[in-house]
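Novice: So that we are looking at the same thing, I have put the structure below in structure tokens.
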Amino acid sequence: MNAQAFNEDFFTFLTSSPTPFHAVATMAGRFVKHGFHQLQEQEAWTLTEGNSYFVIREDGALIAFSIGSTDYVKKGFRLLGAHSDSPCLQIKPRPDITGQGFHQVGVEVYGGALLNPWFDRALSVAGRVCCRMGDNSLQTLLLDLQRPLLIIPSLAIHFDREANKNHPINAQQHLTPLLSQVAADTFPDFTAILMEQVSRERPAIEATEILGFDMFCYDTQPPCLIGYKDEFINAGRLDNLLSCFVGMRAMLEADGNGNRMFICNNHEETGSTSATGALGSLPLAAFERLIPDVQSRQICLSRSFFISMDNAHGVHPNFTDKSDPSHHILLNHGPVIKMNANQRYATNSISKAFFQLLAKEAGVQTQEFVMRNDMACGSTIGPLIAARLGVRTVDVGAPSLAMHSIRETTGSQDPLLLYQAIRHFLSREHLPGETR
Ligand code: ZN
């Protein structure tokens with residue numbers, strides 16, 4: 011497989027996944043196409059050896075698994091994890107604001123977004139709406155308006171001569187996007203615009219009103235290769251749709267008959283505490299259904315191994331003093347193993363050694379990241395899943411720049427390099443500690 015074909019598919023995935031709900035729906039579509047059976051949490055599960063399944067919770071979290079062997083006390087699971095959400099601007103429940111001849115839409119900041127890059131971008135809106143139907147039932151629909159619709163104009167430098175030196179952003183005052191320029195009494199409000207979109211995207215559906223929505227702004231500029239030799243990928247939501255895409259493709263294409271599971275959580279960017287976050291009950295609930303006997307389940311989990319995937323910080327050439335000098339991470343130099351003495355990452359010497367072994371077997375180089383001692387270290391789902399399931403865990407990810415910007419940059423070889431290591435993990439005949 012070459013990087014070009016892999017990246018083309020990745021760009022299609024990114025474009026069809028402007029929100030966590032769309033990312034999960036896109037993955038679900040691919041899993042169905044490859045013979046995975048969809049399970050419902052509201053029903054009993056009948057699971058058989060040799061088959062693959064997936065379950066979705068509240069549109070934003072997905073767990074997919076393949077059962078190679080039901081001899082769970084001998085065969086652990088090869089576990090993968092990623093998160094479906096990215097920092098962004100979410101539309102407020104009562105968003106319409108009018109004044110000065112403008113119609114604006116109030117937003118909240120979702121997660122730790124870097125706010126400056128959201129100015130002067132052609133934004134669209136996507137998410138889900140909950141509609142009241144003709145028979146008084148409720149139906150949830152995904153919507154993607156696709157076209158440029160919103161803009162947050164910068165303040166001209168003539169009004170702020172210090173703008174390039176000191177430019178704090180007040181998220182309540184300065185971030186409200188413009189939607190239109192019309193008299194308020196003749197203009198549909200934001201919910202009416204969503205209703206129009208429901209009729210456009212789903213003409214067969216007879217919704218009478220929208221009673222709730224989770225809608226998010228996103229950048230309409232498509233993903234692209236950039237650099238003299240197309241060395242880089244520039245796109246929105248690389249954190250962490252890159253890992254979602256790699257996890258999905260590896261699940262679809264792995265060889266062998268090992269037990270495999272991909273856990274994709276929502277709400278990582280806000281701390282993971284939700285029904286769909288990594289601190290939610292879904293991963294353990296899935297294992298309880300898979301292996302109802304407590305003793306067998308515990309043995310299986312103790313034989314399992316979890317690779318938590320989330321992007322890592324590459325060294326920025328303009329800000330080299332922000333990286334630990336002995337741990338400079340380079341784009342296009344392979345997956346990054348992330349470590350932290352205070353357990354912000356779950357990696358330890360043993361899980362690191364296993365990932366390095368896997369990567370070497372797959373012919374992929376690895377890098378090692380630690381944060382500087384004088385800066386706070388980020389975290390991810392690795393320690394949370396490790397704590398909840400009690401599984402051996404390594405935190406890894408593709409190197410990137412501008413993490414949490416509206417557009418982030420990674421190496422054009424990096425998605426494929428991570429995939430090669432991950433696919434080998436899923437296909438490898440034995441895990442460490444697995445009975446031969
Ligand atoms: Zn992330």
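Heads up: the sequence shown begins at 11 in the numbering used here, then just goes up one per residue.
Even for Gly, the Cβ is constructed at its ideal location relative to N, Cα and C.
Because the structure is a prediction, the values reported are computed rather than measured.
Roughly how many whole angstroms lie between the Cα atoms of M143 and Q207?
Specialist: Those two C-alpha atoms are separated by around 16 Å.
Novice: Runs of 3 residues minimum, wholly inside the segment 249-329: which ones carry the beta strand (DSSP E) assignment?
Specialist: You should have 269-275 and 315-319.
Novice: Between L252, R67 and Q156, which lies nearest to E211 when the distance is taken from Cα to Cα?
Specialist: Of the listed residues, the one whose Cα sits closest to E211 is Q156.
Novice: Could you tell me whether the segment 127-136 touches the segment 224-240, where touching means 3 or more Cβ pairs closer than 8 Å?
Specialist: With a cut-off of 8 Å, the segment 224-240 and the segment 127-136 count as touching, because enough Cβ pairs lie within range.
Novice: Does the distance between the C-beta of N250 and the nearest non-hydrogen atom of the ligand ZN fall short of 6 Å?
Specialist: Yes; taking the cut-off as 6 Å, the Cβ of N250 has a heavy atom of the ligand ZN nearer than that.
Novice: DSSP puts T108 in a beta bridge; with which residues?
Specialist: Looking at the DSSP assignment, T108 forms a beta bridge with H113.
Novice: I want to see whether chain C comes within less than 7 Å of A372, judged by CB atoms only; does it?
Specialist: Absence of chain C from the displayed structure is noted, only one protein chain being present.
Novice: Out of Q366, D334, V380 and G373, point me to the one whose CA is closest to Y355's CA.
Specialist: When only C-alpha atoms are compared, the closest one is V380.
Novice: For E172, name the three-state secondary structure that DSSP assigns.
Specialist: Here E172 sits in coil by DSSP.
Novice: Assign K348 to one of two classes, buried (16 or more other C-beta atoms within 10 Å of its C-beta) or exposed (fewer than that).
Specialist: K348 should be labelled buried.
Novice: Quick test of the definition: if touching needs 3 or more C-beta pairs under 8 Å, does the segment 361-370 touch the segment 432-442?
Specialist: Contact holds: three or more Cβ-Cβ distances are below 8 Å.
Novice: Tell me which residues share the same chain as R417 and place their Cβ nearer than 8 Å to its Cβ, disregarding the 5 neighbours each side in the sequence.
Specialist: The answer, listed in chain order, is P127, D229, Q231, N244, A245 and G246.
Novice: Report all residues from its chain with a CB closer than 7 Å to the CB of N350; omit the five preceding and five following residues, and keep chain order.
Specialist: Excluding sequence neighbours, N350 sits near V380, M381 and C387.
Novice: Any heavy atom of the ligand ZN inside 6 Å of the beta-carbon of D405?
Specialist: No.
Novice: Entirely within the segment 18-79 and at least 4 residues each: give me those alpha helix (DSSP H) ranges in chain order.
Specialist: As far as the segment 18-79 is concerned, its whole alpha helix (DSSP H) runs of at least 4 residues are 30-43.
Novice: Do D320 and the ligand ZN come close, with the Cβ less than 6 Å from some heavy atom?
Specialist: Yes - the ligand ZN has a heavy atom lying nearer than 6 Å to the Cβ of D320.
Novice: Out of H113, S253 and R270, point me to the one whose CA is closest to S318's CA.
Specialist: Among H113, S253 and R270, the Cα nearest to that of S318 is on S253.
Novice: Skipping 5 residues on each side, what residues in its chain have a beta carbon closer than 6 Å to that of F21?
Specialist: Contacts found: P233.
Novice: Cα separation between A344 and V325?
Specialist: Looking at the sequence shown, residue 344 is not Ala but Gly. Approximately 14 Å between the Cα atoms of the pair.
Novice: The alpha helix (DSSP H) with R210 in it runs from where to where?
Specialist: Residues F200 to E211.
Novice: Shortest alpha-carbon distance to A35 belongs to which of C310, I203 and L151?
Specialist: Among C310, I203 and L151, the Cα nearest to that of A35 belongs to L151.
Novice: Three or more C-beta pairs closer than 8 Å, one from the segment 75-91 and one from the segment 55-64: is that the case here?
Specialist: At 8 Å Cβ cutoff, the stretches touch.
Novice: Less than 7 Å between the beta carbons of S164 and H113, yes or no?
Specialist: Contact flag unset, no.
Novice: Give the secondary structure of S134 by DSSP, where H, G and I count as helix, E and B as strand, and everything else as coil.
Specialist: S134 falls in the strand class under three-state DSSP.
Novice: Spatial neighbours of F87 within its chain, please: C-beta separation below 6 Å, excluding the five flanking residues on both sides.
Specialist: Same-chain partners within the cutoff: N269, M271 and S314.
Novice: Looking only at its chain, what residues have a beta carbon closer than 7 Å to the beta carbon of T29, apart from the 5 residues adjacent to it on each side?
Specialist: These residues qualify, in order along the chain: A136, G137 and F226.
Novice: Can you give me the Cβ contacts of L89 inside the same chain, cut-off strictly under 6 Å, excluding the 5 residues immediately before and after it?
Specialist: Counting only Cβ-Cβ distances below 6 Å, and skipping sequence neighbours, we find M271, S314 and F316.
Novice: Three Cβ pairs or more, each shorter than 8 Å: is that satisfied between the segment 366-380 and the segment 304-313?
Specialist: Contact fails: fewer than three Cβ-Cβ distances are below 8 Å.
Novice: Tell me the rounded alpha-carbon separation between P335 and N321.
Specialist: The straight-line gap from Cα to Cα measures roughly 19 Å.
Novice: Go through the segment 383-421 residue by residue and report every complete run of the alpha helix (DSSP H) that reaches 4 residues or more, in order.
Specialist: DSSP runs (the alpha helix (DSSP H)) wholly in the segment 383-421: 391-399.
Novice: Using the Cβ count rule (16 or more neighbours within 10 Å means buried), how would you classify K84?
Specialist: Label assigned to K84: exposed.
Novice: Under three-state DSSP, which class holds P425?
Specialist: Helix at P425.
Novice: Figure out for me which residue from S27, D95 and G91 has the closest Cα to the Cα of A260.
Specialist: Ranking S27, D95 and G91 by Cα distance to A260 puts G91 first.
Novice: Would you identify the three-state DSSP class for N244, choosing helix, strand or coil?
Specialist: Note: N244 maps to strand in three-state DSSP.
Novice: Classify G266 as buried or exposed, calling it buried when 16 or more other Cβ atoms lie within 10 Å of its own Cβ.
Specialist: With fewer than 16 other Cβ atoms within 10 Å, it is exposed.
Novice: Per DSSP, A217 forms a beta bridge with which residues?
Specialist: Paired residues: M143.
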